[in-house]
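Position one of the sequence shown corresponds to residue 46 (this note's numbering), numbered consecutively onward. Everything on this sheet refers to the single structure shown next.
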Amino acid sequence: MYRCEAIIIRRSDSGEADRVLTILTPSGRQRVIAKGARKIHSRLAGHIELFTHTTLMLAIGRNLHIVTQSSPLDRFEHLRADLERIGAAYYAAELVDRLIAEESENRRAFELLLGALRALNAGAAIDLTLRAYELHLLDALGYRPQLYECAACGVRLTEATDRFSPAAGGALCPQCAGADRRALPMRLSTFKLLRYMQIQPPEIASELRVSTATRAEAESLLRAYLRHILERDLRSLAFLDDVRQHLEKSLSVGSTGAQGDDDERD
(Lines of atoms letter the chains of each structure in order from A and count residues from 1; the text may use other names and numbers.)
(Lines give C-alpha, C1' and ligand atoms only; values in the text may rest on other atoms or scores of the structure.)
Protein backbone atom coordinates (compact mmCIF):
# COMPACT_ATOMS: atom_id res chain seq x y z
CA MET A 1 0.00 0.00 0.00
CA TYR A 2 1.14 3.54 -0.67
CA ARG A 3 -0.30 7.05 -0.84
CA CYS A 4 0.12 9.55 -3.68
CA GLU A 5 -1.12 12.96 -4.77
CA ALA A 6 -2.83 12.81 -8.16
CA ILE A 7 -4.97 14.56 -10.76
CA ILE A 8 -7.42 12.34 -12.62
CA ILE A 9 -6.92 13.10 -16.32
CA ARG A 10 -8.79 10.23 -18.01
CA ARG A 11 -11.07 7.36 -17.10
CA SER A 12 -12.82 4.45 -18.79
CA ASP A 13 -15.08 1.58 -17.86
CA SER A 14 -13.71 -1.89 -17.23
CA GLY A 15 -15.74 -5.04 -16.74
CA GLU A 16 -19.18 -4.72 -15.17
CA ALA A 17 -18.43 -2.29 -12.37
CA ASP A 18 -14.81 -1.09 -12.44
CA ARG A 19 -13.18 2.10 -13.70
CA VAL A 20 -9.69 2.44 -15.09
CA LEU A 21 -8.20 5.82 -14.26
CA THR A 22 -5.28 7.59 -15.87
CA ILE A 23 -3.73 9.79 -13.23
CA LEU A 24 -0.97 12.36 -13.28
CA THR A 25 1.22 12.42 -10.19
CA PRO A 26 4.49 14.21 -9.41
CA SER A 27 6.12 10.87 -10.23
CA GLY A 28 4.54 10.65 -13.68
CA ARG A 29 1.49 9.35 -15.52
CA GLN A 30 0.06 5.95 -14.68
CA ARG A 31 -3.07 3.83 -15.00
CA VAL A 32 -4.84 2.47 -11.93
CA ILE A 33 -8.12 0.65 -11.36
CA ALA A 34 -10.98 1.53 -9.03
CA LYS A 35 -12.80 -1.74 -8.44
CA GLY A 36 -16.58 -1.52 -8.06
CA ALA A 37 -16.53 2.26 -8.60
CA ARG A 38 -19.55 2.12 -10.95
CA LYS A 39 -21.77 0.45 -8.40
CA ILE A 40 -24.54 2.65 -7.00
CA HIS A 41 -23.34 2.40 -3.41
CA SER A 42 -19.62 2.69 -4.14
CA ARG A 43 -17.80 5.00 -1.72
CA LEU A 44 -15.29 5.84 -4.45
CA ALA A 45 -17.73 6.96 -7.13
CA GLY A 46 -17.94 10.62 -6.13
CA HIS A 47 -14.25 10.94 -5.37
CA ILE A 48 -12.72 9.92 -8.69
CA GLU A 49 -14.33 12.38 -11.09
CA LEU A 50 -12.28 13.78 -13.98
CA PHE A 51 -9.96 16.68 -13.13
CA THR A 52 -10.21 16.00 -9.38
CA HIS A 53 -7.06 16.83 -7.43
CA THR A 54 -6.91 14.13 -4.82
CA THR A 55 -4.85 11.98 -2.51
CA LEU A 56 -5.13 8.31 -3.43
CA MET A 57 -4.38 5.24 -1.38
CA LEU A 58 -3.20 2.54 -3.76
CA ALA A 59 -2.59 -1.16 -3.33
CA ILE A 60 0.08 -2.68 -5.53
CA GLY A 61 -1.59 -5.03 -8.03
CA ARG A 62 -0.27 -7.51 -10.53
CA ASN A 63 -1.11 -5.41 -13.61
CA LEU A 64 -2.70 -2.20 -12.37
CA HIS A 65 -2.45 -0.71 -8.92
CA ILE A 66 -5.79 -0.65 -7.09
CA VAL A 67 -7.47 2.47 -5.68
CA THR A 68 -8.63 1.71 -2.14
CA GLN A 69 -9.32 5.26 -1.00
CA SER A 70 -9.60 8.76 -2.45
CA SER A 71 -9.54 11.98 -0.43
CA PRO A 72 -10.28 14.92 -2.77
CA LEU A 73 -8.25 18.07 -2.24
CA ASP A 74 -10.07 20.15 -4.88
CA ARG A 75 -12.94 19.25 -7.21
CA PHE A 76 -12.86 22.59 -9.08
CA GLU A 77 -16.62 23.04 -8.77
CA HIS A 78 -16.74 26.46 -10.50
CA LEU A 79 -14.95 25.06 -13.53
CA ARG A 80 -17.52 22.28 -13.84
CA ALA A 81 -20.37 24.80 -14.06
CA ASP A 82 -19.03 26.32 -17.32
CA LEU A 83 -19.03 24.23 -20.49
CA GLU A 84 -16.19 26.15 -22.15
CA ARG A 85 -14.02 25.78 -19.06
CA ILE A 86 -14.80 22.06 -18.95
CA GLY A 87 -13.65 21.87 -22.59
CA ALA A 88 -10.45 23.71 -21.68
CA ALA A 89 -9.84 21.28 -18.79
CA TYR A 90 -10.34 18.33 -21.16
CA TYR A 91 -7.78 19.85 -23.50
CA ALA A 92 -5.24 20.54 -20.75
CA ALA A 93 -5.58 16.98 -19.45
CA GLU A 94 -5.39 15.36 -22.89
CA LEU A 95 -2.33 17.42 -23.83
CA VAL A 96 -0.26 16.27 -20.87
CA ASP A 97 -1.60 12.73 -21.31
CA ARG A 98 -0.27 12.64 -24.89
CA LEU A 99 3.01 14.43 -24.28
CA ILE A 100 4.30 12.78 -21.11
CA ALA A 101 5.59 9.23 -21.08
CA GLU A 102 4.05 6.76 -18.62
CA GLU A 103 5.79 6.74 -15.25
CA SER A 104 8.16 9.47 -16.42
CA GLU A 105 8.73 11.62 -13.35
CA ASN A 106 8.01 15.30 -13.97
CA ARG A 107 6.79 17.29 -10.98
CA ARG A 108 6.73 20.49 -13.04
CA ALA A 109 4.21 19.01 -15.51
CA PHE A 110 2.01 18.03 -12.55
CA GLU A 111 2.22 21.52 -11.07
CA LEU A 112 1.49 23.14 -14.44
CA LEU A 113 -1.70 21.13 -14.93
CA LEU A 114 -2.78 21.83 -11.37
CA GLY A 115 -2.10 25.54 -11.85
CA ALA A 116 -4.07 25.63 -15.11
CA LEU A 117 -7.08 23.94 -13.47
CA ARG A 118 -6.92 26.37 -10.57
CA ALA A 119 -6.78 29.35 -12.94
CA LEU A 120 -9.71 28.07 -15.00
CA ASN A 121 -11.66 27.43 -11.81
CA ALA A 122 -10.93 30.98 -10.60
CA GLY A 123 -12.32 32.57 -13.78
CA ALA A 124 -9.07 33.47 -15.57
CA ALA A 125 -9.17 34.10 -19.32
CA ILE A 126 -9.46 30.66 -20.89
CA ASP A 127 -7.37 31.19 -24.01
CA LEU A 128 -4.46 32.97 -22.33
CA THR A 129 -4.44 30.40 -19.53
CA LEU A 130 -4.11 27.64 -22.13
CA ARG A 131 -1.37 29.49 -24.04
CA ALA A 132 0.71 29.87 -20.88
CA TYR A 133 0.08 26.23 -20.01
CA GLU A 134 1.11 25.06 -23.49
CA LEU A 135 4.32 27.08 -23.54
CA HIS A 136 5.47 26.00 -20.09
CA LEU A 137 4.43 22.38 -20.54
CA LEU A 138 6.35 22.21 -23.83
CA ASP A 139 9.38 23.58 -22.01
CA ALA A 140 9.01 21.10 -19.13
CA LEU A 141 8.85 18.15 -21.51
CA GLY A 142 11.69 19.13 -23.84
CA TYR A 143 9.70 20.67 -26.71
CA ARG A 144 10.36 24.36 -25.99
CA PRO A 145 9.73 26.38 -29.18
CA GLN A 146 12.60 28.67 -30.19
CA LEU A 147 11.48 32.28 -29.73
CA TYR A 148 14.74 34.04 -28.90
CA GLU A 149 17.12 32.42 -31.38
CA CYS A 150 16.34 31.47 -34.98
CA ALA A 151 15.19 27.86 -35.12
CA ALA A 152 17.21 27.39 -38.33
CA CYS A 153 20.53 29.21 -37.84
CA GLY A 154 20.58 30.17 -34.16
CA VAL A 155 21.05 33.90 -34.66
CA ARG A 156 19.46 36.22 -32.08
CA LEU A 157 15.95 37.18 -33.20
CA THR A 158 14.88 40.80 -33.57
CA GLU A 159 11.57 42.58 -34.05
CA ALA A 160 11.93 41.98 -37.79
CA THR A 161 10.99 38.32 -37.14
CA ASP A 162 7.69 37.49 -38.84
CA ARG A 163 7.69 33.74 -39.54
CA PHE A 164 7.08 30.72 -37.31
CA SER A 165 8.02 27.24 -38.48
CA PRO A 166 6.45 24.26 -36.65
CA ALA A 167 8.76 21.92 -38.57
CA ALA A 168 11.93 23.84 -37.61
CA GLY A 169 10.80 24.23 -34.02
CA GLY A 170 10.11 27.93 -33.67
CA ALA A 171 10.56 31.40 -35.12
CA LEU A 172 12.79 32.12 -38.12
CA CYS A 173 14.98 35.15 -38.70
CA PRO A 174 14.38 37.18 -41.90
CA GLN A 175 17.34 35.50 -43.62
CA CYS A 176 15.94 32.01 -42.92
CA ALA A 177 12.27 32.87 -43.47
CA GLY A 178 12.31 31.26 -46.90
CA ALA A 179 13.92 28.05 -45.68
CA ASP A 180 10.50 26.61 -44.83
CA ARG A 181 7.81 27.38 -47.38
CA ARG A 182 5.20 26.19 -44.89
CA ALA A 183 6.31 28.63 -42.21
CA LEU A 184 3.39 30.62 -40.83
CA PRO A 185 3.15 34.43 -40.77
CA MET A 186 3.51 35.94 -37.32
CA ARG A 187 2.78 39.53 -36.37
CA LEU A 188 5.09 41.43 -34.06
CA SER A 189 2.44 41.64 -31.32
CA THR A 190 2.04 37.86 -31.37
CA PHE A 191 5.80 37.33 -31.36
CA LYS A 192 6.15 39.57 -28.30
CA LEU A 193 3.25 37.88 -26.51
CA LEU A 194 4.66 34.37 -26.98
CA ARG A 195 8.15 35.43 -25.89
CA TYR A 196 6.81 37.19 -22.80
CA MET A 197 4.57 34.30 -21.76
CA GLN A 198 7.37 31.79 -22.28
CA ILE A 199 9.66 33.41 -19.68
CA GLN A 200 7.05 34.63 -17.20
CA PRO A 201 5.25 32.47 -14.61
CA PRO A 202 2.01 30.96 -16.03
CA GLU A 203 0.00 33.01 -13.52
CA ILE A 204 0.88 36.18 -15.45
CA ALA A 205 -1.72 35.20 -18.08
CA SER A 206 -4.54 36.49 -15.88
CA GLU A 207 -3.02 39.99 -15.88
CA LEU A 208 -2.50 40.40 -19.62
CA ARG A 209 -4.57 42.66 -21.85
CA VAL A 210 -4.21 41.43 -25.41
CA SER A 211 -6.18 42.11 -28.60
CA THR A 212 -8.50 39.44 -29.95
CA ALA A 213 -6.50 39.16 -33.19
CA THR A 214 -3.21 38.61 -31.37
CA ARG A 215 -4.75 36.00 -29.08
CA ALA A 216 -6.23 34.16 -32.06
CA GLU A 217 -2.93 34.13 -33.94
CA ALA A 218 -1.02 32.89 -30.88
CA GLU A 219 -3.50 30.02 -30.55
CA SER A 220 -3.18 29.17 -34.24
CA LEU A 221 0.64 29.09 -34.13
CA LEU A 222 0.85 26.92 -31.02
CA ARG A 223 -1.85 24.61 -32.32
CA ALA A 224 0.17 24.12 -35.52
CA TYR A 225 3.32 23.45 -33.48
CA LEU A 226 1.57 20.89 -31.28
CA ARG A 227 0.03 19.25 -34.34
CA HIS A 228 3.52 18.82 -35.76
CA ILE A 229 4.80 17.25 -32.52
CA LEU A 230 1.81 14.96 -31.96
CA GLU A 231 1.21 14.34 -35.68
CA ARG A 232 -2.49 15.03 -35.23
CA ASP A 233 -4.95 17.32 -33.46
CA LEU A 234 -6.23 16.35 -30.03
CA ARG A 235 -9.83 15.15 -29.85
CA SER A 236 -10.63 17.67 -27.13
CA LEU A 237 -9.93 20.55 -29.54
CA ALA A 238 -12.96 19.64 -31.64
CA PHE A 239 -15.14 19.70 -28.52
CA LEU A 240 -13.69 23.02 -27.39
CA ASP A 241 -14.18 24.57 -30.84
CA ASP A 242 -17.79 23.33 -30.98
CA VAL A 243 -18.52 24.87 -27.58
CA ARG A 244 -17.03 28.19 -28.66
CA GLN A 245 -19.04 28.25 -31.87
CA HIS A 246 -22.22 27.49 -29.96
CA LEU A 247 -21.52 30.30 -27.49
CA GLU A 248 -20.74 32.74 -30.30
CA LYS A 249 -24.02 31.86 -32.05
CA SER A 250 -25.93 32.28 -28.80
CA LEU A 251 -24.38 35.70 -28.23
CA SER A 252 -25.13 36.67 -31.82
CA VAL A 253 -28.77 35.61 -31.51
CA GLY A 254 -29.08 37.40 -28.18
CA SER A 255 -27.63 40.58 -29.65
CA THR A 256 -30.00 40.41 -32.63
CA GLY A 257 -32.94 39.89 -30.31
CA ALA A 258 -31.96 42.85 -28.17
CA GLN A 259 -31.67 45.01 -31.27
CA GLY A 260 -35.14 43.90 -32.34
CA ASP A 261 -36.56 44.92 -28.96
CA ASP A 262 -34.94 48.32 -29.31
CA ASP A 263 -36.47 48.74 -32.77
CA GLU A 264 -39.94 47.95 -31.41
CA ARG A 265 -39.54 50.47 -28.60
CA ASP A 266 -38.43 53.11 -31.11
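Quick reminder that beta carbons are idealized off the backbone N, C-alpha and C, glycines included. For clarity, every value in this text was computed on a predicted model and none was experimentally measured.
- Apart from sequence neighbours up to five positions away, the residues of its chain that approach A224 with a beta-carbon distance below 6 Å are A197, ordered along the chain.
- Positions of the beta strand (DSSP E) runs, each at least 3 residues long and wholly inside the region 240-310, cannot be given because no such run exists.
- Closest by C-alpha distance to C195, out of A212, L282, L183 and A185, is A212.
- Boundaries cannot be given for H92, as no beta strand (DSSP E) includes it and DSSP labels it neither H nor E.
- In chain order, I78 place their CB closer than 8 Å to the CB of G106, counting only its own chain and leaving out the 5 sequence neighbours on each side.
- Short of 8 Å from the beta carbon of I93, and not among the five residues preceding or following it, lie these beta carbons of its own chain, in chain order: I53, R56, R64, L66, A79, A82, T99, V112 and S115.
- Taking C-alpha positions only, L238 is separated from H86 by approximately 50 Å.
- Where G132 is concerned, the enclosing alpha helix (DSSP H) starts and stops at L128 to L144.
- Using a Cβ distance threshold of 8 Å, P247 and A154 do not count as a contacting pair.
- Ranked by Cα distance from L282, the first of P219, Y241, L229 and D172 is D172.
- Boundaries for I171: no beta strand (DSSP E) harbours it, while the alpha helix (DSSP H) harbouring it runs I171 to A185, taken from the DSSP string.
- Annotation: S251 to G60 spans about 43 Å, alpha carbon to alpha carbon.
- Around the beta-carbon of P230, fewer than 16 other beta-carbon atoms lie within 10 Å, marking it exposed.
- P117 is bridged by DSSP to T99.
- In this chain, the alpha helix (DSSP H) harbouring G160 covers R152 to N166.
- Taking a contact as a CB-CB distance under 8 Å, the pair Y47 and L279 does not count as one, their CB atoms being some 31 Å apart.
- DSSP, read as helix, strand or coil, puts G223 in helix.
- Here G91 is exposed, its C-beta having fewer than 16 other C-beta atoms within 10 Å.
- Here the C-alpha atom of R88 lies approximately 50 Å from the C-alpha atom of F236.
- A258 and T97 have their alpha carbons spaced roughly 33 Å apart.
- Boundaries for R125: no beta strand (DSSP E) harbours it, while the alpha helix (DSSP H) harbouring it runs E122 to R125, taken from the DSSP string.
- In the three-state DSSP reduction, T235 falls in the helix class (H, G or I).
- The alpha-carbon of I145 is positioned some 10 Å away from that of L183.
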